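Line order of the protein sequences matches chains P and L.
Under UniProt numbering, the first residue of the first sequence carries the number 1, and numbering increases by one thereafter.
Under UniProt numbering, the first residue of the second sequence carries the number 1, and numbering increases by one thereafter.
Glycine is no exception: its CB is placed at the ideal position from the N, C-alpha and C atoms.
Small disclaimer: the values here were computed from a predicted structure and weren't measured.
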Amino acid sequence: MHNLSWILKMAFRDFRKNVAKLLLFVSSIVIGIAALVGISSFGDNLSQDINNQAKELMGADLELKNNQPLGEQPTDSIATRIAEEINFASMVVFPATDDSRLTQVRALAGEYPFYGKLETLPESAESSFRSGGRKALVEKLLLAQFNAQVGDSIKIGELTFLIEGELQKVPGQTGITASVAPAVYIPMEYVEATGLIQYGSRLNYLRYYELPSDQDPELLKTKYEAQWDEARIDADTLADRKRSTGRSFQNLSNFLSLVAFIALLLGCVGVASAVNVFVKEKLASVAVLRCLGVSSWSAMLIYLTQILMMGLLGSLLGAGLGTLLQFALPAVFKDFLPVAVTVQVSWTSVGFGVLTGLFVSVLFALLPLLKIRKVSPMATLRPEAGETKISRDPLRWAVIVTILLFIFGFSFYLLKDWKVALGFTGFVVFAFATLWTVALGIMWMIRRFLPLSLQYPIRQSLANLYRPNNQTVSLIATIGLGTAMISTLFFVQNQLLDEARFAGKEDQPNMLLFDIQSHQVDAVAGRIKDRNLPIMQQVPIVTMALESINGLTKKANEDLPEEERRSRGLYNREFRVSYRDTLIASERLVKGNLRKVENQGDSVFVSFDQGYAERTGINLGDEIIFNVQGRPIKTFVGSFRDIKFNQVSTNFLVLFPENVLNNAPKFHVLITKTANDRQAADVQSEIVREFPNISVINLGMIVETLEEILGKISFVIQFMAFFSIITGILVLISSLIISKYQRMKESILLRTLGASSGVVSKINTLEYFFLGSLASLSGIMLSFLATGLLSKFVFELPFRAAFKEAFFVYLAITLLTVILGWLNGRKIVKVAPMEILRE
Amino acid sequence: MSILSVKQVSKTYQSGSRKLTVLDEVNFDIQAGDTIAIVGPSGSGKTTLLGLCAGLDSASTGSVSLNGQSMENLSEDQRADIRSKFVGFIFQNFQLLPTLTALENVMVPLELKKRKDAKQKALELLTKVGLGNRATHYPTQLSGGEQQRVSIARAFANEPKILFADEPTGNLDTETGEMIEKLIFDLNKEQGTTLVLVTHDLELAKKTNRIIHIKGGKIQEDTYA
Chain P
1 MHNLSWILKM
11 AFRDFRKNVA
21 KLLLFVSSIV
31 IGIAALVGIS
41 SFGDNLSQDI
51 NNQAKELMGA
61 DLELKNNQPL
71 GEQPTDSIAT
81 RIAEEINFAS
91 MVVFPATDDS
101 RLTQVRALAG
111 EYPFYGKLET
121 LPESAESSFR
131 SGGRKALVEK
141 LLLAQFNAQV
151 GDSIKIGELT
161 FLIEGELQKV
171 PGQTGITASV
181 APAVYIPMEY
191 VEATGLIQYG
201 SRLNYLRYYE
211 LPSDQDPELL
221 KTKYEAQWDE
231 ARIDADTLAD
241 RKRSTGRSFQ
251 NLSNFLSLVA
261 FIALLLGCVG
271 VASAVNVFVK
281 EKLASVAVLR
291 CLGVSSWSAM
301 LIYLTQILMM
311 GLLGSLLGAG
321 LGTLLQFALP
331 AVFKDFLPVA
341 VTVQVSWTSV
351 GFGVLTGLFV
361 SVLFALLPLL
371 KIRKVSPMAT
381 LRPEAGETKI
391 SRDPLRWAVI
401 VTILLFIFGF
411 SFYLLKDWKV
421 ALGFTGFVVF
431 AFATLWTVAL
441 GIMWMIRRFL
451 PLSLQYPIRQ
461 SLANLYRPNN
471 QTVSLIATIG
481 LGTAMISTLF
491 FVQNQLLDEA
501 RFAGKEDQPN
511 MLLFDIQSHQ
521 VDAVAGRIKD
531 RNLPIMQQVP
541 IVTMALESIN
551 GLTKKANEDL
561 PEEERRSRGL
571 YNREFRVSYR
581 DTLIASERLV
591 KGNLRKVENQ
601 GDSVFVSFDQ
611 GYAERTGINL
621 GDEIIFNVQG
631 RPIKTFVGSF
641 RDIKFNQVST
651 NFLVLFPENV
661 LNNAPKFHVL
671 ITKTANDRQA
681 ADVQSEIVRE
691 FPNISVINLG
701 MIVETLEEIL
711 GKISFVIQFM
721 AFFSIITGIL
731 VLISSLIISK
741 YQRMKESILL
751 RTLGASSGVV
761 SKINTLEYFF
771 LGSLASLSGI
781 MLSFLATGLL
791 SKFVFELPFR
801 AAFKEAFFVY
811 LAITLLTVIL
821 GWLNGRKIVK
831 VAPMEILRE
Chain L
1 MSILSVKQVS
11 KTYQSGSRKL
21 TVLDEVNFDI
31 QAGDTIAIVG
41 PSGSGKTTLL
51 GLCAGLDSAS
61 TGSVSLNGQS
71 MENLSEDQRA
81 DIRSKFVGFI
91 FQNFQLLPTL
101 TALENVMVPL
111 ELKKRKDAKQ
121 KALELLTKVG
131 LGNRATHYPT
141 QLSGGEQQRV
151 SIARAFANEP
161 KILFADEPTG
171 NLDTETGEMI
181 EKLIFDLNKE
191 QGTTLVLVTH
201 DLELAKKTNR
211 IIHIKGGKIQ
221 EDTYA
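Structure representation (structure tokens):
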């Protein structure tokens, strides 16, 4: 090998004439790196902000929570300030319009939050709300939805409150949680009078503590943990909140980084493809260098150095762009953020991005660059000797294995789960391999079966797809994968919404009334029947907790070593259980039998949801003792059911037989089907007016909320997927520019032979039409497969191919390809034939 | 002293199930300072023979020794090292590196030998071939004749012991061709280099002191002037 300074000198000399071309190569990775650096910087800043604003996020030093009154606690005497909250889901009514909606009512006593504040409009409402009187603070979304404003009334249960202020920001609440359950704050002193605190109400009792600075909440939690566990009290400290919030945002940030990583991988394919063309153009020069006595590695290093320089430049550009990008991210993620995010340069992320960019550009460029080592100096005498095949080169396979390891390693770094990382790597390999195979197959078919009878421009444009140095395969792979990503998101979103809407079209229930007390059942059913609506289900619900499983109590479970311990959730969960001896439409028996209790003293066999049983390690025959309002009931697991949870129906993880719980305290759920939205609104309004404790959910509201949430989530994901599309476009543009000279020569040859510029333009446009069509159709097919798999295994829905949406995606991608191709071709057609002769 | 020795050299290619013999047991020796022309019709094996003699390719059987060094057991990189030390090339299509200026093209063999005076020496050579004022031009900015002159300057730059020229005037008009021929022979004489020419042009061949006729991969005639 020749000395490094000479190699660098030669690299620089060659580089001077290739800067523009090499810039194109690295442009493909700029966007991917920018997305990675942007997300990573944003994640870093967010994690710092969560740490810095953790107190405001929680509003207290310690929080205790239970589903029954907390009673006196040992921490009460230590605290400097204490606040109490009872929260529950309930309907609220705006009397002015008679509109109603399910909300989260929070009855508050004390000066919570101790850190930060409830941000209200007007600002004074935060304190005037606490100064006494029947006043409420209402989530701004809720006010906007029903066109209500400060000064109007809101009815909660039996009481009407004055809307004192509009809630702008509540500690720890995000836009998404506000959409699902908008908050309404009322003073604690009125909560009893609302009439909403009764059996069956799903109440959360919270106590917030401000502690003196010498008290460590963590130590207090450790000290009283056993006592609180025994009483099923959840204790949450600042450190817990930091951890859980940090973890969920780390997950989000990692997921988004993964999407950015896909964009980067697409860019890498672009790099490999462009370097491949670059190398092919350089083979003659390499042969000359070899003739002059340059060793194979030195020759390769001359070009590798250039790639390294451009990789560095591309990575720096990407890192700069990514740092700028994070200024936009707080706006994109605003609905998901519980804290205000500061934007500043994260040097760790920048360094990480630059190193990643440098590494991937070299790694992917090496695949074609390795060919240089094999160039024979004989190519100077016989150009055909320059064709090098390296399919059996062990170094090439080493690079391929390194690429796979890199994809796995990077995804593992982001996902922290080797199985998921392996799955992701498998998916990437599968997607690329599928698109690659489709592209190669199509090219082979065109070559093999292109009929001579086709019109000349069509035949020529199809033949152009396999011209020497073509990038058809890499373009189909990159554009196809970008299309697949966007379409999968699009299709899944549509499928979920369709499914929700579809439920209303068939003979499915579309309204669910819950929290009905036993004494109200007949009256509520009467109102429904009066309107000639069917009572499709009337279900009693009993709440209970799990006392022991096969004799293992909560306490005994805690003492077991971690690997033998059962899920804590089993013991902490409040089970809402119903009883019947038959199955309903949304469930089917998969193991065991539903066994009736016919005589007193018969063993009680309960039925579990199969998925839940699998997750918590419950087996057929297990003995489970439930605690029903203080009374233990011994049961055995008699069967498993497969439940479809995606229907408006009452589904239960645990189902008891009749004649066991009939006398237990219970509440009821009633399900009906209204004819239309108008009727649904009327029924809802009448029921809520007459029975304020009853909550009503109608399908229209579910669809609306789902649309809103999916809209927010999909905006974020589409924003990220957009990087893949941009990368695909950059790869396309770079390929167009790289092949420009060749296209120019072809165009001139055609024009010399008498083709009009119109015919040449037609050939070019058709070529892009075919390329765009092949890439988008391959991507769409892949996305159908992905949507089908997601539907089956994740959402458990029947797959319906969204042909209309697919056609829209096909048109958009193909049109984009044609337009870009046409813009590039316009100049080519205008070049005078003499210009190329002179070259 | 023999600078190039070709013994029983054959070159065969496998084309599908067919074995194609391009050179068939060729033998000859070339003494230092000789000028030799290898002539023959298209497809006769001239270029293959040139490639083997210059160490650009390896023979299927037989041996080639260049400057006393046997080539058959050397790797491609070892042969490259020999080329950089003893061999110069002139090609029909000039084979200049398109991204390098004329001066830089001539400097490459000197730099490979780590000559500190590479630039000065290259400039001298360019001046000698009449292109001192075109040193900073890129190949695409030069005419065919000028490109070939740069190529000649490059070939003589490392003062090779043997110079291989493949149809050096094949791509040039008669007048320019004659000028190039003169330049090659003059520099050859000046540096005492051995010259091996491959050509169709019998007039050019006659300017050498030995002509090897090759046909169908075999030497038909080996005549001395």
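**OP:** Identify the contact partners of Pro98 (chain L) in chain P, using a Cβ-Cβ distance below 8 Å as the criterion.
**Re:** Looking up residue 98 (chain L) in the second sequence gives position 98. In chain order: Lys17, Ser285.
Original post:
Is any beta-carbon of chain P found at less than 8 Å from that of Val150 (chain L)?
Top reply: Your numbering for residue 150 (chain L) matches position 150 in the second sequence. No, Val150 (chain L) does not count as interfacial toward chain P.
Subject >> As assigned by DSSP and simplified to three states, the class of Arg459 (chain P) >> reply: By 1-based counting over the first sequence, the position of residue 459 (chain P) is 459. Arg459 (chain P): helix per DSSP, three-state reduction.
Subject >> For Pro368 (chain P), the first and last residue of its enclosing alpha helix (DSSP H) >> reply: By 1-based counting over the first sequence, the position of residue 368 (chain P) is 368. Where Pro368 (chain P) is concerned, the enclosing alpha helix (DSSP H) stretches over 347-369.
Subject >> Beta-carbon spacing of residue 843 (chain P), Asp166 (chain L) below 8 Å >> reply: Coverage of chain P is limited to positions 1 through 839, which leaves residue 843 (chain P) absent and any answer about it impossible.
Original post:
Along chain L, in chain order, which residues have C-beta atoms closer than 7 Å to that of Met378 (chain P)?
Top reply: Taking the first sequence and counting its residues from 1, one reaches residue 378 (chain P) at position 378. Residues of chain L passing the Cβ test: Gly51, Leu56, Asp57.
Subject >> Nonlocal neighbours in the same chain, by C-beta distance under 8 Å from Ser734 (chain P), ignoring five residues either side >> reply: On the first sequence, residue 734 (chain P) is found 734 positions in, with the first residue counted as 1. Closer than 8 Å at Cβ, skipping near neighbours: Leu24, Phe25, Ser27, Ser28, Gly270, Ala274.
Subject >> Contact set for His137 (chain L): own chain, Cβ-Cβ below 7 Å, skip 5 residues either direction >> reply: Residue mapping note: residue 137 (chain L) aligns to position 137 of the second sequence, counting from 1. Thr101, Ala102.
Original post:
Nearest-angstrom Cα distance between Gly758 (chain P) and Lys830 (chain P)?
Top reply: Indexing the first sequence from 1 puts residue 758 (chain P) at position 758. Indexing the first sequence from 1 puts residue 830 (chain P) at position 830. Those two C-alpha atoms are separated by around 11 Å.
**OP:** Note the first and the last residue of the continuous alpha helix (DSSP H) segment covering Ile39 (chain P).
**Re:** Taking the first sequence and counting its residues from 1, one reaches residue 39 (chain P) at position 39. Looking at the DSSP string, the run of the alpha helix (DSSP H) that includes Ile39 (chain P) is 4-52.
Original post:
Excluding five sequence neighbours on each side, which residues of the same chain lie with their C-beta closer than 7 Å to the C-beta of Arg826 (chain P)?
Top reply: Counted from its first residue, the first sequence places residue 826 (chain P) at position 826. Closer than 7 Å at the Cβ level, and outside the excluded window around Arg826 (chain P), lies no residue.
Original post:
Per DSSP, what kind of secondary structure is Leu837 (chain P) in: helix, strand or coil?
Top reply: Counted from its first residue, the first sequence places residue 837 (chain P) at position 837. Confidence in Leu837 (chain P) is poor, its pLDDT being 47 and thus under 50, which makes the residue's placement too unreliable to answer from.
**OP:** Please state whether DSSP places Tyr208 (chain P) in a helix, a strand or coil.
**Re:** By 1-based counting over the first sequence, the position of residue 208 (chain P) is 208. The DSSP-derived three-state label of Tyr208 (chain P) is strand.
Original post:
Which first and last residues belong to the alpha helix (DSSP H) in which Ile180 (chain L) is found?
Top reply: Against the second sequence, residue 180 (chain L) aligns to sequence position 180. Element bounds for Ile180 (chain L): 174-191.
**OP:** Output yes or no for whether 8 Å exceeds the beta carbon distance between Leu118 (chain P) and Leu211 (chain P).
**Re:** What you label residue 118 (chain P) is simply residue 118 of the first sequence in a count that begins at 1. What you label residue 211 (chain P) is simply residue 211 of the first sequence in a count that begins at 1. No. Outside cutoff.
Original post:
Residues bridged to Asp222 (chain L) by DSSP?
Top reply: Along the second sequence, read from residue 1 onward, the residue named residue 222 (chain L) stands at position 222. According to DSSP, Asp222 (chain L) bridges with L:Ile212.
Subject >> Amino acids of chain L, ordered along the chain, whose beta-carbon sits closer than 7 Å to that of Val288 (chain P) >> reply: One-based indexing of the first sequence puts residue 288 (chain P) at position 288. Those within 7 Å of Val288 (chain P) in chain L are Gln95, Leu97.
Original post:
So, Ile7 (chain P) versus Leu256 (chain P), is the Cβ gap smaller than 8 Å?
Top reply: What you label residue 7 (chain P) is simply residue 7 of the first sequence in a count that begins at 1. What you label residue 256 (chain P) is simply residue 256 of the first sequence in a count that begins at 1. Contact: no.
Subject >> Asp57 (chain L) (DSSP reduced to helix, strand or coil) >> reply: One-based indexing of the second sequence puts residue 57 (chain L) at position 57. Assigned with DSSP and collapsed to three states, Asp57 (chain L) falls in coil, not helix or strand.
Subject >> Backbone secondary structure at Lys419 (chain P) - three-state DSSP >> reply: Your numbering for residue 419 (chain P) matches position 419 in the first sequence. In the structure shown, Lys419 (chain P) sits in a helix (DSSP, three-state: H, G or I).
Original post:
Which value, in whole angstroms, describes the spacing of the CA atoms of Ile30 (chain L) and Leu283 (chain P)?
Top reply: Within the second sequence, residue 30 (chain L) is the residue found at index 30, counting from 1. Within the first sequence, residue 283 (chain P) is the residue found at index 283, counting from 1. Looking at the two C-alpha atoms, the distance is approximately 32 Å.
Original post:
Which residue or residues does DSSP assign as beta-bridge partners of Gly88 (chain L)?
Top reply: Locating residue 88 (chain L) in the second sequence gives position 88, where the first residue counts as 1. Looking at the DSSP assignment, Gly88 (chain L) forms a beta bridge with L:Leu163.
**OP:** Taking Trp6 (chain P) as the query, report the chain L residues whose CB atoms sit under 7 Å from its CB, ordered along the chain.
**Re:** For this step, residue 6 (chain P) is matched to residue 6 along the first sequence. The answer, in chain order, is Glu111.
Subject >> Nearest residue (CA-CA) to Leu785 (chain P), options P:Gly772, P:Val92, P:Lys374, P:Ala802 >> reply: Here residue 785 (chain P) is taken as the residue at index 785 of the first sequence, counted from 1. Among P:Gly772, P:Val92, P:Lys374, P:Ala802, the Cα nearest to that of Leu785 (chain P) is on P:Ala802.
Original post:
Quick check: the region 179-191 of chain L against the region 4-20 of chain L, are there 3 or more CB pairs under 8 Å?
Top reply: no
**OP:** Could you tell me the distance, in whole angstroms, from the CA atom of Lys155 (chain P) to the CA atom of Leu108 (chain P)?
**Re:** Within the first sequence, numbered from 1, the residue matching residue 155 (chain P) stands at position 155. Within the first sequence, numbered from 1, the residue matching residue 108 (chain P) stands at position 108. Computed Cα separation, rounded: 17 Å.
**OP:** Determine the direct distance from the alpha carbon of Leu546 (chain P) to that of Glu574 (chain P), and round the result to whole angstroms.
**Re:** The residue given as residue 574 (chain P) occupies position 574 in the first sequence. The residue given as residue 546 (chain P) occupies position 546 in the first sequence. Taking the straight line joining both Cα atoms gives about 8 Å.
Original post:
Can you name, in chain order, every residue of its own chain whose Cβ lies under 7 Å from the Cβ of Ile186 (chain P), other than the five neighbours on each side?
Top reply: Taking the first sequence and counting its residues from 1, one reaches residue 186 (chain P) at position 186. Answer for Ile186 (chain P): Val105, Ala107, Ala136, Ile156, Phe161, listed in chain order.
Original post:
Taking the alpha-carbon positions, what's the Leu329 (chain P) to Val37 (chain P) distance?
Top reply: As a working mapping, residue 329 (chain P) is identified with position 329 in the first sequence. As a working mapping, residue 37 (chain P) is identified with position 37 in the first sequence. Whole-angstrom Cα-Cα distance: 12 Å.
**OP:** Tell me whether Gly569 (chain P) is buried or exposed, calling it buried when 16 or more other Cβ atoms sit within 10 Å of its Cβ.
**Re:** Walking along the first sequence from the start, residue 569 (chain P) turns up at place 569. With fewer than 16 Cβ atoms within 10 Å of its Cβ, Gly569 (chain P) is classed as exposed.
Original post:
Under a CB-based cut-off of 8 Å, is Asp393 (chain P) close to chain L?
Top reply: Here residue 393 (chain P) is taken as the residue at index 393 of the first sequence, counted from 1. For Asp393 (chain P), no CB of chain L lies under 8 Å from its own CB, so it is not counted at the interface with that chain.
Original post:
For Thr237 (chain P), which option in P:Ala226, P:Glu218, P:Ser253, P:Gly246 has the closest C-alpha, if you only look at C-alpha atoms?
Top reply: Translated into the one-based positions of the first sequence, residue 237 (chain P) becomes position 237. Thr237 (chain P) has its Cα closest to that of P:Glu218, out of P:Ala226, P:Glu218, P:Ser253, P:Gly246.
Subject >> Cβ-based neighbour list, Pro171 (chain P), same chain, cut-off 7 Å, excluding 5 preceding and 5 following >> reply: Within the first sequence, the letter at position 171 stands for residue 171 (chain P). Hits under 7 Å: Glu56, Leu57, Met58, Gly59, Pro113, Gly116.
Original post:
What span of residues does the beta strand (DSSP E) with Val339 (chain P) cover, start to end?
Top reply: Along the first sequence, one-based indexing puts residue 339 (chain P) at 339. For Val339 (chain P), no beta strand (DSSP E) run applies, since DSSP gives it neither H nor E.
**OP:** Might you give, ordered along the chain, the residues of its own chain that have their beta carbon closer than 6 Å to the beta carbon of Met309 (chain P), omitting 5 neighbours on each side?
**Re:** The count along the first sequence starts at 1 and reaches residue 309 (chain P) at position 309. Around Met309 (chain P): no qualifying Cβ.
Original post:
What are the residues that DSSP puts in a beta bridge with Ala118 (chain L)?
Top reply: The residue given as residue 118 (chain L) occupies position 118 in the second sequence. Partner(s): none; Ala118 (chain L) has no beta bridge.
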